[in-house]
Structure formats: C-alpha cells, structure tokens
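What follows is one structure encoded as structure tokens, with my remarks underneath.
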Amino acid sequence: GAVVSQHPSWVICKSGTSVKIECRSLDFQATTMFWYRQFPKQSLMLMATSNEGSKATYEQGVEKDKFLINHASLTLSTLTVTSAHPEDSSFYICSATGGVGNTIYFGEGSWLTVV
Amino acid sequence: GESVGLHLPTLSVQEGDNSIINCAYSNSASDYFIWYKQESGKGPQFIIDIRSNMDKRQGQRVTVLLNKTVKHLSLQIAATQPGDSAVYFCAEMKGYGNKLVFGAGTILRVKS
Numbered sequence: 026g027a028v029v030s031q032h033p034s035w036v037i038c039k040s041g042t043s044v045k046i047e048c049r050s051l052d053f054q055a056t057t058m059f060w061y062r063q064f065p066k067q068s069l070m071l072m073a074t075s076n077e078g079s080k081a082t083y084e085q086g087v088e089k090d091k092f093l094i095n096h097a098s099l100t101l102s103t104l105t106v107t108s109a110h111p112e113d114s115s116f117y118i119c120s121a122t123g124g125v126g127n128t129i130y131f132g133e134g135s136w137l138t139v140v
Numbered sequence: 038g039e040s041v042g043l044h045l046p047t048l049s050v051q052e053g054d055n056s057i058i059n060c061a062y063s064n065s066a067s068d069y070f071i072w073y074k075q076e077s078g079k080g081p082q083f084i085i086d087i088r089s090n091m092d093k094r095q096g097q098r099v100t101v102l103l104n105k106t107v108k109h110l111s112l113q114i115a116a117t118q119p120g121d122s123a124v125y126f127c128a129e130m131k132g133y134g135n136k137l138v139f140g141a142g143t144i145l146r147v148k149s
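Residue numbers (our numbering), protein chains in the order written: chain G, 26 to 140; chain S, 38 to 149.
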C-alpha cells in the first residue's frame with residue numbers, strides 16, 4: 026500500500042537554530058499534505074495544509090514565519106522550524122492525500138527536541 | 038490551531054471484554070469520520086471510517102456508530118486484546134480531501 030515517509034525520525038537541535046523535516050509520499054502523488062504537531066498526552070493539532078505548487082494555508086495561531094512549509098513537488102513537503110526554542114519541542118506528523126480514493130496516509134512522525 | 042486536547046482520559050478494560058470509546062465531534066457539517074489508533078511514538082493508524090449517510094459500520098472486531106443528532110461517535114472493540122492498548126482518536130472532515138481535525142483522544146489500557 027501507499028506509504029508516507031518522514032525524515033528525520035528524531036532530531037535534537039540547539040535553541041536558535043533551524044531544523045527541516047521532510048515528508049515524502051513514496052508511491053503516489055500527494056496533491057495535498059497536512060502538518061500536525063502533537064505534545065505529550067495530547068491530541069494532534071493541525072498546523073497547516075499544503076497544496077503542491079501553492080502557499081500553505083495555516084491554522085489560526087500558527088506562525089507562518091516560524092513554521093515554513095514548502096510543497097515544491099507532488100511527492101515532497103518540508104516543514105522548517107526556524108529559530109527553534111525549547112517550547113517547539115514536539116512530535117511533528119505529516120499526512121498526505123491524493124492517491125487512489127483520496128485516502129489519507131500518515132507518516133510515522135518526527136520527534137524534535139530543542140535544547 | 039484546532040483540536041488542542043487536554044490530558045487524555047483513560048479507559049481500562051479486562052482482556053477479553055468489549056471496549057467502547059466515545060467521541061464528541063465539533064462540526065455539524067462534517068460528513069466523514071475516521072477512528073485512528075496511535076501507539077507510543079508512532080503516527081496514527083487507520084482503524085475504520087464512516088460517512089455521514091450511515092449510522093453504523095462494522096470491521097473486523099470493530100464497529101463504529103455515528104449519531105449525527107448529538108454529534109457523537111463511538112468505537113466498539115470486541116474481545117479486547119493487550120495489543121489494542123493505545124491511544125484512540127476520532128477525526129472529522131468536511132468535504133472530500135479536506136483537512137482532518139482530531140478529537141481529544143482516549144487512552145485504552147487492557148489488563149491481562
């Protein structure tokens with residue numbers, strides 16, 4: 026079946042630096058990708074919707090200049106956390122749709138720890 | 038952002054018993070609903086879905102019930118097993134291919 030892959034699975038970065046997380050659809054063309062953030066013991070919070078070739082649509086309260094989303098191809102979307110701070114430490118999950126039946130597929134998530 | 042959860046409630050069941058996990062969804066215009074299972078440190082795993090033109094759908098050992106009048110979803114797991122221990126989320130969508138919004142989630146603990 027279709028697979029969505031995220032990289033890296035986990036990353037540790039220093040406060041003030043930027044870190045990029047990739048989300049790839051491996052065997053289908055993802056016209057739309059979604060980015061979620063999940064804090065421990067909480068639900069998934071939608072951050073933004075990313076359509077290939079256009080600007081991402083951010084949810085209310087999510088800073089677009091801090092969380093840069095690029096969806097330059099039908100198989101890749103990237104989330105860049107700029108000037109990361111310890112409070113940005115979280116589990117970031119992407120999902121993609123666009124395959125057969127517009128099924129939604131989730132990646133395995135990326136743990137970000139900012140120290 | 039949407040659907041920010043507080044601390045998750047926990048449902049503890051004995052192995053072999055049936056489990057019922059409930060979810061209240063927020064948007065009366067939502068027309069597609071999905072239950073996900075999430076194990077620690079992993080992404081959500083699809084369990085079963087239902088469209089708003091149905092009120093019940095059955096899968097293997099799982100049943101989803103939809104009550105649109107009170108905006109309520111439930112997931113029933115028959116003969117619960119230790120491997121069912123995880124966090125369960127309902128999610129709603131309005132329109133096909135649109136954003137999926139997650140509910141608060143429930144921790145299911147299965148006691149052997």
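Cβ coordinates follow ideal geometry from the N, Cα and C atoms, glycine included. The structure presented is a predicted model; accordingly, all values stated were derived computationally and were not measured.
Is the Cβ of residue i closer than 9 Å to any Cβ of chain S?
{"i": "lysine 39/G", "result": "no"}
{"i": "isoleucine 118/G", "result": "yes"}
{"i": "phenylalanine 53/G", "result": "no"}
{"i": "isoleucine 129/G", "result": "yes"}
{"i": "glutamate 133/G", "result": "yes"}
{"i": "threonine 74/G", "result": "yes"}
{"i": "serine 154/G", "result": "One cannot answer for residue 154/G here, as it falls past the ends of chain G, which runs 26 to 140."}
{"i": "leucine 93/G", "result": "no"}
{"i": "leucine 71/G", "result": "yes"}
{"i": "valine 28/G", "result": "no"}
Establish whether the CB of residue i and some CB of chain G are separated by less than 9 Å.
{"i": "glycine 96/S", "result": "no"}
{"i": "alanine 116/S", "result": "no"}
{"i": "leucine 45/S", "result": "yes"}
{"i": "phenylalanine 126/S", "result": "yes"}
{"i": "glycine 140/S", "result": "yes"}
{"i": "glycine 42/S", "result": "For glycine 42/S, the predicted structure reports a pLDDT of 44, less than 50, and the residue's modelled location is therefore unreliable. A value from the coordinates is still provided. Yes, glycine 42/S lies at the interface with chain G (some Cβ there is under 9 Å from its Cβ)."}
{"i": "glutamine 82/S", "result": "yes"}
{"i": "tyrosine 73/S", "result": "yes"}
{"i": "leucine 137/S", "result": "yes"}
{"i": "glycine 38/S", "result": "The predicted position of glycine 38/S is uncertain, since its pLDDT is 38 and thus under 50; no value can be drawn from it."}
Answer yes or no: do residue i and residue j have a C-beta to C-beta separation smaller than 9 Å?
{"i": "aspartate 127/S", "j": "isoleucine 57/S", "result": "With the sequence shown as reference, residue 127/S is identified as cysteine, and aspartate is not the correct amino acid for it. Not in contact: cysteine 127/S and isoleucine 57/S (Cβ atoms no closer than 9 Å)."}
{"i": "tryptophan 35/G", "j": "leucine 137/G", "result": "yes"}
{"i": "valine 147/S", "j": "serine 49/S", "result": "yes"}
{"i": "leucine 45/S", "j": "leucine 71/G", "result": "no"}
{"i": "serine 115/G", "j": "cysteine 48/G", "result": "no"}
{"i": "alanine 55/G", "j": "threonine 105/G", "result": "no"}
{"i": "serine 50/G", "j": "glycine 126/G", "result": "no"}
{"i": "serine 75/G", "j": "phenylalanine 64/G", "result": "no"}
Pick helix, strand or coil for residue i, following the three-state DSSP scheme.
{"i": "glycine 42/S", "result": "Its pLDDT being 44, under 50, glycine 42/S is placed unreliably in this model, and the value from its coordinates should be taken loosely. Coil, per DSSP."}
{"i": "asparagine 76/G", "result": "strand"}
{"i": "aspartate 121/S", "result": "helix"}
{"i": "valine 107/S", "result": "coil"}
{"i": "aspartate 92/S", "result": "coil"}
{"i": "glutamate 129/S", "result": "strand"}
{"i": "valine 36/G", "result": "strand"}
{"i": "glutamate 112/G", "result": "helix"}
{"i": "asparagine 127/G", "result": "helix"}
{"i": "aspartate 95/G", "result": "Here residue 95/G is asparagine; the residue named in the question, aspartate, does not match the sequence. Three-state DSSP puts asparagine 95/G in a strand."}
{"i": "glutamine 63/G", "result": "strand"}
{"i": "leucine 48/S", "result": "strand"}
{"i": "alanine 115/S", "result": "coil"}
{"i": "arginine 49/G", "result": "strand"}
{"i": "asparagine 55/S", "result": "coil"}
{"i": "aspartate 90/G", "result": "coil"}
{"i": "arginine 98/S", "result": "coil"}
{"i": "aspartate 86/S", "result": "strand"}
Which chain C residues are close to residue i, counting only those with a beta carbon under 7 Å from its beta carbon?
{"i": "lysine 79/S", "result": "No chain C is present in this structure, whose protein chains are G and S."}
*Between the region 113-128 of chain S and the region 40-51 of chain G, do at least 3 Cβ pairs fall closer than 8 Å?*
no
*Does the region 48-68 of chain S come close enough to the region 81-90 of chain G to have 3 or more Cβ pairs within less than 8 Å?*
no
*Does the region 124-132 of chain G touch the region 90-107 of chain S, meaning 3 or more C-beta pairs lie closer than 8 Å?*
no
_Below 8 Å, how does it come out for the region 58-66 of chain S and the region 96-115 of chain G: are there three or more Cβ pairs, yes or no?_
no
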